[in-house]
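Trainee:
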Amino acid sequence: MTWGNDTDATSAREQLELFVDKGGTLVDTAASYVGGDSEKLLGQLLTKHISRREVVLVSKAGVRSWRTGERSAVSDAGRGTLLDTLDDSLARLGTDHLDLWLVQIPDYYTPMEETASALEMAVRSGRTRYVGVSNYPAWAAVHMADLLGSAIGMAGVQTEYSLLNRSAEQELIPAAQELGFGVIGWSALGRGVLTGKYRNSTPPDSRGASVHLAGFVAPYLNDDAARVVNAVATAAAGLERSPLEVALAWARGSDGIDCSIVGARNTHQLRDILAAADLQLEPQIRHVLNEVS
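Okay, so the sequence shown: first residue is 202 according to the working numbering, each after it adds one.
Spelled out as structure tokens, the structure:
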């Protein structure tokens, strides 16, 4: 999400090469990230440094603009806009197809039948292998799955999921399990808060201190979140691991979550994230964290 802005080309290349070298495959981006610059930077790396065949490429469309000074988006999931955006994404990424293409946010002013027709057209034209939705409530995700039917199918839904946001457990995850589509959890580190970096203050080089992402972090800088962060830190101390590793292990091992997305800004952060791959939480630790959150 920060590639092309907070993360420059050199750091992005280091991260992608490290990620692939360690066995990582899924790379997530969106047409709306940094006005398309994130996709452009990723495309340059896939052209010059990493083979396109080595990654599962995911992108999203349906956000026309961000409201100035806010973290709220103006959606547009009309057929023409979606397909034009997809073509622009493919051009920036330097590829003829995506592996998974998602509608980034719901658009309640466009009939879902029209949105579904764009997803179907994208699959039938070969511009994407699979389709799905992102940040949709359960009822809307289920309706979209019904509209796509078995011929096209909805491969998955992307939703925020961490110890600080477990709302997907109420309806979305059960619906996905019942209907057979996957769930990708984004912001597994609670927008960075679960790392513990904000426990005492806001680091000047963090997203919470940045002009364009402070509002993204702010909802989790409260007393309720602090209790969860403290519990994660306590568990981490007992395991002699970092809070980051515990938070990721919890998300990765959660029932109904097929994979978790994290957004490292630099190579150091990515190394810390990859270090969590071998950690599996004991049932009693998971139970305590579930209770606290």
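Ideal Cβ placement from N, Cα and C applies to all residues, glycine included.
Using a 10 Å radius around the Cβ and a threshold of 16 neighbouring Cβ atoms, would you call G270 buried or exposed?
Mentor: For the purposes of this step, residue 270 is identified with residue 69 of the sequence shown, where counting begins at 1. Only weak support exists for where G270 lies, its pLDDT of 43 falling under 50; the value from the coordinates is given anyway. Exposed.
Trainee: Going by Cα to Cα distance, which pick from K398, N491, S443 is closest to S368?
Mentor: For this step, residue 368 is matched to residue 167 along the sequence shown. Comparing Cα-Cα distances from S368 to each of K398, N491, S443, the minimum goes to N491.
Trainee: Classify G383 as helix, strand or coil using the three-state DSSP reduction.
Mentor: The residue given as residue 383 occupies position 182 in the sequence shown. Reduced to three states, the DSSP call for G383 is strand.
Trainee: Counting Cβ pairs closer than 8 Å, one from the stretch 422-429 and one from the stretch 337-357, do we hit at least three?
Mentor: No, the stretch 422-429 does not touch the stretch 337-357.
Trainee: Does the distance from the C-beta atom of L414 to that of V394 stay below 8 Å?
Mentor: Along the sequence shown, read from residue 1 onward, the residue named residue 414 stands at position 213. Along the sequence shown, read from residue 1 onward, the residue named residue 394 stands at position 193. Contact: no.
Trainee: If you draw a straight line from the alpha carbon of A434 to that of G464, how long is it in whole angstroms?
Mentor: For the purposes of this step, residue 434 is taken as the residue at position 233 of the sequence shown. For the purposes of this step, residue 464 is taken as the residue at position 263 of the sequence shown. Going from the Cα of A434 to the Cα of G464 covers about 20 Å.
Trainee: Since R466 and T203 should fall inside the 8 Å C-beta cutoff, what is the C-beta to C-beta distance between them, to a whole number of angstroms?
Mentor: Indexing the sequence shown from 1 puts residue 466 at position 265. Indexing the sequence shown from 1 puts residue 203 at position 2. That pair is a contact at about 5 Å.
Trainee: So, under 8 Å CB-CB, L301 and G357 are touching, yes? Tell me the CB distance rounded to an integer number of Å.
Mentor: Taking the first residue of the sequence shown as 1, we reach residue 301 at position 100. Taking the first residue of the sequence shown as 1, we reach residue 357 at position 156. The pair is a contact, with the Cβ atoms about 7 Å apart (cut-off 8 Å).
Trainee: Within its chain, find whatever has a CB closer than 7 Å to the CB of L227; leave out the 5 residues flanking it on each side and keep chain order.
Mentor: On the sequence shown, position 26 is the one that residue 227 refers to. Excluding positions up to five away in sequence, the list reads V257, V259, C460.
Trainee: Could you say which of E372, M345, A448, A477 lies nearest to V489 if we only look at CA atoms?
Mentor: Locating residue 489 in the sequence shown gives position 288, counting from the first residue. It is A448.
Trainee: Does the separation of the CB atoms of E314 and L348 fall below 8 Å?
Mentor: Here residue 314 refers to the residue found at position 113 when the sequence shown is read from its first residue. Here residue 348 refers to the residue found at position 147 when the sequence shown is read from its first residue. Cβ distance < 8 Å, so E314 and L348 count as in contact.
Trainee: I'd like the span of the beta strand (DSSP E) that includes I353, first residue to last.
Mentor: In the sequence shown, the residue the question calls residue 353 occupies position 152. Here I353 belongs to no beta strand (DSSP E); instead the alpha helix (DSSP H) covers 339-353.
Trainee: Would you mind reading off the limits of the alpha helix (DSSP H) that contains G439?
Mentor: Residue mapping note: residue 439 aligns to position 238 of the sequence shown, counting from 1. That run of the alpha helix (DSSP H) goes 424-440.
Trainee: What span of residues does the beta strand (DSSP E) with S461 cover, start to end?
Mentor: Here residue 461 is taken as the residue at index 260 of the sequence shown, counted from 1. Per DSSP, S461 belongs to the beta strand (DSSP E) from 460-462.
Trainee: If you draw a straight line from the alpha carbon of S252 to that of V221, how long is it in whole angstroms?
Mentor: Position 51 of the sequence shown, counted from the start, is the residue given in the question as residue 252. Position 20 of the sequence shown, counted from the start, is the residue given in the question as residue 221. If I take the Cα positions, the gap works out to 10 Å.
Trainee: So, helix, strand or coil for T269, using DSSP?
Mentor: The residue given as residue 269 occupies position 68 in the sequence shown. Note that T269 scores 40 on pLDDT, short of 50, meaning its location in the model is unreliable; the coordinates nonetheless yield the value given after this. T269 falls in the coil class under three-state DSSP.
Trainee: Counting pairs of beta carbons, one from the stretch 275-288 and one from the stretch 243-251, are three or more of them closer than 8 Å?
Mentor: No, the stretch 275-288 is not in contact with the stretch 243-251.
Trainee: Short of 8 Å in beta carbon distance, which residues of its chain neighbour R268, apart from the five on each side in sequence? Order them along the chain.
Mentor: Your numbering for residue 268 matches position 67 in the sequence shown. Here the model assigns R268 a pLDDT of 48, short of 50, so the residue's position is not dependable and the matter cannot be decided.
Trainee: By a C-beta neighbour count over all protein chains shown, 10 Å radius and 16 as the cutoff for buried, is Q359 buried or exposed?
Mentor: Here the question's residue 359 lines up with position 158 in the sequence shown. The residue is buried, with at least 16 neighbouring Cβ atoms inside 10 Å.
Trainee: Just the C-alpha distance for V334 and Q305, rounded to the nearest angstrom, thanks.
Mentor: If you number the sequence shown from 1, residue 334 lands on position 133. If you number the sequence shown from 1, residue 305 lands on position 104. About 6 Å.
Trainee: To the nearest angstrom, how far is it from the Cα of R214 to the Cα of Y362?
Mentor: To locate residue 214, count along the sequence shown from 1; it is residue 13. To locate residue 362, count along the sequence shown from 1; it is residue 161. Cα-Cα distance, rounded: 27 Å.
Trainee: What residue from L320, P484, P375, Q470 has the CA that sits closest to Y331's CA?
Mentor: Taking the first residue of the sequence shown as position 1, residue 331 is located at position 130. Considering only alpha carbons, the answer is L320.
Trainee: Given a threshold of 16 other Cβ atoms within 10 Å of its Cβ, counted over all protein chains shown, does Y309 qualify as buried or as exposed?
Mentor: On the sequence shown, residue 309 is found 108 positions in, with the first residue counted as 1. It counts as exposed.
Trainee: In whole angstroms, what separates the C-alpha of D207 from that of F417?
Mentor: Here residue 207 refers to the residue found at position 6 of the sequence shown. Here residue 417 refers to the residue found at position 216 of the sequence shown. Taking the straight line from one Cα to the other gives about 15 Å.
Trainee: Report the three-state DSSP secondary structure of V418 (helix, strand or coil).
Mentor: Position 217 of the sequence shown, counted from the start, is the residue given in the question as residue 418. Three-state result, V418: helix.
Trainee: So is S239 buried or exposed if we call it buried at 16+ other beta carbons inside 10 Å?
Mentor: Taking the sequence shown and counting its residues from 1, one reaches residue 239 at position 38. With 16 or more Cβ atoms within 10 Å of its Cβ, S239 is classed as buried.
Trainee: Give the straight-line distance between the Cα atoms of A477 and G386, rounded to the nearest whole angstrom.
Mentor: For the purposes of this step, residue 477 is taken as the residue at position 276 of the sequence shown. For the purposes of this step, residue 386 is taken as the residue at position 185 of the sequence shown. If you take the alpha carbons of A477 and G386, they lie about 16 Å apart.
Trainee: With DSSP as the reference, identify every bridge partner of S260, one or two as the case may be.
Mentor: The residue labelled residue 260 in the question sits at position 59 within the sequence shown. Paired residue(s): W302.
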